[in-house]
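**Q** In the numbering used here, the protein residues as written are 152 to 399.
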Amino acid sequence: MTRFKFKPSFDDALFIAGYYSGIGENIKAVEYYRKSLELGKGNGFDYSYKIFENIANAVWKDELSFNEVIPAADAVLGMAKKNNKNIVDVARLMTRLADKTGSFDRLEKYLRAGIEASSGTNNKQLKNANVDLLADYALYIRKDISKAIEIKKAGMPAGWQDSRDLYYMFAKWCLIRKINLGEAEMFARKTLPQVQPGRFRARAYSTLAEILEANNKIDQAIEAIKNAASHDPDNEYYQEELERLESE
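(1) Pop quiz: phenylalanine 203 and alanine 180 are said to be a contact at Cβ under 8 Å. What is the actual Cβ separation, rounded to whole angstroms?
(2) Figure out for me which residue from Lys368, Glu364, Ala360 and Asn366 has the closest Cα to the Cα of lysine 377.
(3) Considering only the alpha carbon of each residue, which of Asn235, Asn273 and Asp287 lies closest to glutamate 259?
(4) For tyrosine 198, does the three-state DSSP call read helix, strand or coil?
(5) Considering only the beta carbon of each residue, do alanine 242 and leucine 290 sit closer than 7 Å?
(6) The alpha helix (DSSP H) spanning proline 384 covers which residue range?
(7) Let me know if tyrosine 388 comes out buried or exposed under the rule of 16 or more other beta-carbons within 10 Å of its beta-carbon.
(8) Leaving out five residues on either side along the sequence, give the residues of the same chain with a beta carbon under 6 Å from the beta carbon of asparagine 235.
(9) By the DSSP assignment, the alpha helix (DSSP H) with leucine 228 in it spans what residues?
(10) With distances taken between CB atoms, is the gap from cysteine 325 to alanine 335 smaller than 7 Å?
(11) By how many angstroms is the C-alpha of serine 381 removed from the C-alpha of arginine 263?
(12) Which same chain residues, not among the five before or five after arginine 185, have their C-beta less than 7 Å away from its C-beta?
(13) Check whether the Cβ atoms of isoleucine 106 and asparagine 331 lie closer than 7 Å to each other.
(14) Below 8 Å on the Cβ atoms is my guess for serine 254 versus phenylalanine 217; work out the distance and round it to an integer in Å.
(15) On the three-state DSSP scale, how would you describe alanine 231?
(16) Residues in its own chain within less than 7 Å of arginine 315 by CB, not counting five upstream and five downstream?
(17) Excluding the 5 residues flanking isoleucine 369 on each side, which residues of the same chain have their C-beta closer than 8 Å to its C-beta?
(18) Starting from the C-beta of asparagine 237, find all residues in its chain whose C-beta is less than 7 Å away, skip the five residues before and the five after it, and write them out in chain order.
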């Protein structure tokens, strides 16, 4: 960093940006990614997505406001070389940030872009993303919970209700969006005996506890997190969660 101070270069700016991003100093990372853009003008590199990603992480950590991520998100959508995966990731991250901050009035543009970028492809990851984005559009833009659940279920592989990994993922999907919590609880409970005792079952109990808390079943959530702690007693997170729930 001393060398950069006296002789700034594109390569050093990029290295420092990556360093700060790696240690979670997202605002500093953005500063150096922007410096790399200035120093590398004309070289064809565009770090708009890296800038967006770091600003989004800073918003998630309450270091920046939702409004501050909008120009960075727009820059990714406006890149000369379109990258469908990046556009989809912008849509996903903006959805989670909008949910966290209650900024749904600014979300539709990004969901539409993500849906378009993930349509008509044979790429499995993009196809799966398309289902989630269509469901989120129904949920957050149309305010139609039933339609969102219908879209998500229709996009799941055949027989998903009998696949532990798939129905557990569905339970997590519901939890993140705080919808369909009764069915999410059912699938979370169904998962428990099918995972190994120890830290894996502890994680399943922790997910169940989150679902129960979201559904205002605090006493049951306490029991679930106690079970998580018993399966992974060295994990301080479960004890901290237990203390938090018992204090409510």
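C-beta: ideal position from N, C-alpha, C; glycine also.
**A** Reading off the structure:
(1) Contact flag wrong, Cβ pair sits at about 11 Å.
(2) Ala360
(3) Asp287
(4) coil
(5) no
(6) Segment: none, proline 384 is in no alpha helix (DSSP H) and carries neither H nor E.
(7) exposed
(8) Ala268
(9) 221 to 228
(10) yes
(11) 45 Å
(12) Ile202
(13) Outside the displayed range of the chain (152 to 399) lies residue 106, so it cannot be described from this structure.
(14) 4 Å
(15) coil
(16) Thr342 and Gln345
(17) Leu363, Leu396 and Glu399
(18) Tyr200 and Val227
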